[in-house]
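In this note's numbering, the protein residues as written are 74 to 331. Beta carbons are placed, not taken as given, at the ideal position from N, Cα and C, and that holds for glycine. Take a look at the structure set out below.
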């Protein structure tokens with residue numbers, strides 16, 4: 074924080090009276106007036122350590138700024154200029170002349186004054202230490218990729234350049250924006266694809282099974298038909314064998330006896 078001596082206060086004694094204002098341009102910076110002869114070869118004194126005088130003819134020197142805590146020195150103080158401070162790693166300068174250090178915020182965050190907070194839904198920040206901006210608003214069912222806290226929404230385009238995305242930054246406070254997500258059309262496409270895949274799997278697994286079953290059934294029917302044709306012939310042969318038990322001579326003998 075910058076500390077100065079107030080109006081009328083000096084780091085060391087100062088000259089008083091009308092003579093102190095004489096010849097201001099001949100009094101070099103880095104000194105202060107202690108008498109009427111300052112700038113005429115006498116009575117001008119160098120500013121003491123940790124003070125400075127940036128202009129000629131001043132009646133006192135100003136205390137140098139101290140870079141402490143979250144600050145570090147960017148430029149050391151001299152008798153003619155004040156020190157310049159910057160922030161340590163992990164912090165960033167805010168305010169005029171880096172008057173304060175705020176914690177650095179990463180992608181997907183912004184500084185809220187009390188610390189880093191994640192970008193609200195509908196906003197994003199893709200730069201370190203940046204501010205959250207509204208997502209690009211796509212027309213109905215034209216969202217190619219949804220947005221996140223660190224990435225903008227990507228919209229579909231009718232042109233052949235799918236990488237062209239228009240982002241409209243705004244300086245107004247982040248306001249959640251409703252994004253139309255893919256709905257009925259996407260669901261119908263998913264159902265169509267699922268049915269097609271299921272049909273192909275059925276063909277791949279059921280077709281060989283049907284072929285094997287058909288071959289087995291044909292073999293079984295062939296065996297049944299063969300059995301049906303052979304059974305009557307065997308019966309006729311058995312009947313013929315039985316009729317041969319009585320020769321014709323025995324039949325004639327029986328007729329004579331009768």
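Quick one: measure Cβ to Cβ for residue i and residue j, integer angstroms, because I've assumed they're closer than 8 Å.
i: residue 198; j: residue 183; result: 6 Å
i: residue 125; j: residue 151; result: 6 Å
i: residue 106; j: residue 120; result: The Cβ separation is near 12 Å, so there is no contact.
i: residue 177; j: residue 186; result: So it is not a contact: roughly 14 Å between Cβ atoms.
i: residue 165; j: residue 202; result: 5 Å
Could you check if residue i is buried or exposed, using at least 16 other CB atoms within 10 Å of its CB as the buried criterion?
i: residue 149; result: exposed
i: residue 131; result: buried
i: residue 175; result: buried
i: residue 140; result: buried
i: residue 214; result: exposed
i: residue 103; result: buried
The beta strand (DSSP E) spanning residue i covers which residue range?
i: residue 167; result: 164-167
i: residue 159; result: 157-160
i: residue 146; result: 144-148
i: residue 191; result: 189-191
i: residue 106; result: 104-106
In whole angstroms, give me the CA-to-CA distance for residue i and residue j.
i: residue 286; j: residue 292; result: 10 Å
i: residue 204; j: residue 210; result: 18 Å
i: residue 227; j: residue 221; result: 11 Å
i: residue 337; j: residue 153; result: In the structure displayed, the chain extends from 74 to 331; residue 337 sits before or after that span and is not available.
i: residue 264; j: residue 279; result: 22 Å
i: residue 239; j: residue 144; result: Because residue 239 sits at a pLDDT of 49, beneath the cut-off of 50, its placement in the model cannot be relied upon, and the following sentence gives the value as read from the coordinates. Each residue's alpha carbon lies about 39 Å from the other.
i: residue 180; j: residue 229; result: 25 Å
i: residue 212; j: residue 225; result: 15 Å
> At which residue ranges does the segment 198-226 contain complete beta strand (DSSP E) runs of 3 or more residues, listed in the order of the chain?
Replying inline: 216-218
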